[in-house]
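Numbering (the UniProt record's numbering), first residue to last: 1 to 191.
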């Protein structure tokens, strides 16, 4: 009887080791795929602050991609500009691209691009023209290869209206926001 147990145990050990090795290989393959995807295709970024409220809230986590991306008006982008905000990534909305002319009405706070007032249902409130116009003069024509960005929370956002950030070179854009992944209650694409 002891011989039968020993033979059964010997059969079990190689099969168990083989299956464990196969699981380890599969897990390693998945891990490598995640590293490649999150390095070259998409990245996760967190929101720091309320400048994009109500579209994005403080501490939201977003899935961002730069793969084949070219900025368009209305896109929400993550960018980094040397010397601004301690060189940390920031999140803003593209208001205008190269060749567009941006104007802000000093009385109503309306933002217009190429003479048309923007329909902006995503903003928290219009610009407080007494305190939040920034230090740029308007109208501003955006050079090719650059964008004009603003936060959706116009009265709580340092953006292209402020010369410290100003008009942003497209090469500073790290990617555009595909969707919010956290908090789970906000999971989905952004407008």
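Idealized CB from N, CA, C, for every residue including glycine.
Under the three-state DSSP convention, the category residue i falls into
i: residue 1; result: For residue 1, the predicted structure reports a pLDDT of 49, less than 50, and the residue's modelled location is therefore unreliable. A value from the coordinates is still provided. Coil.
i: residue 67; result: coil
i: residue 17; result: helix
i: residue 150; result: strand
i: residue 103; result: strand
i: residue 90; result: strand
i: residue 112; result: strand
i: residue 45; result: strand
Rounded straight-line distance, which links the Cα of residue j to that of residue i
i: residue 47; j: residue 85; result: 13 Å
i: residue 120; j: residue 35; result: 37 Å
i: residue 102; j: residue 134; result: 13 Å
i: residue 149; j: residue 18; result: 56 Å
i: residue 104; j: residue 138; result: 7 Å
i: residue 151; j: residue 24; result: 46 Å
i: residue 77; j: residue 168; result: 12 Å
i: residue 170; j: residue 56; result: 22 Å
i: residue 147; j: residue 89; result: 16 Å
i: residue 182; j: residue 58; result: 11 Å
Within 8 Å, strictly: CB atoms of residue i and residue j
i: residue 174; j: residue 79; result: yes
i: residue 124; j: residue 161; result: no
i: residue 136; j: residue 157; result: no
i: residue 108; j: residue 81; result: no
i: residue 106; j: residue 141; result: no
Cβ separation of residue i and residue j, assumed to be a contact under 8 Å, to the nearest whole Å
i: residue 44; j: residue 63; result: 6 Å
i: residue 145; j: residue 98; result: 6 Å
i: residue 180; j: residue 65; result: Rounded, the Cβ-Cβ distance is 14 Å, inconsistent with contact.
Does the pairing of the region 65-78 with the region 89-103 give three or more beta-carbon distances under 8 Å? By the Cβ rule, the region 65-78 counts as touching the region 89-103, because three or more pairs are nearer than 8 Å.
Count the C-beta pairs between the region 102-118 and the region 50-68 that are closer than 8 Å, then say yes if the count reaches three, no if not. The region 102-118 vs the region 50-68: no contact.
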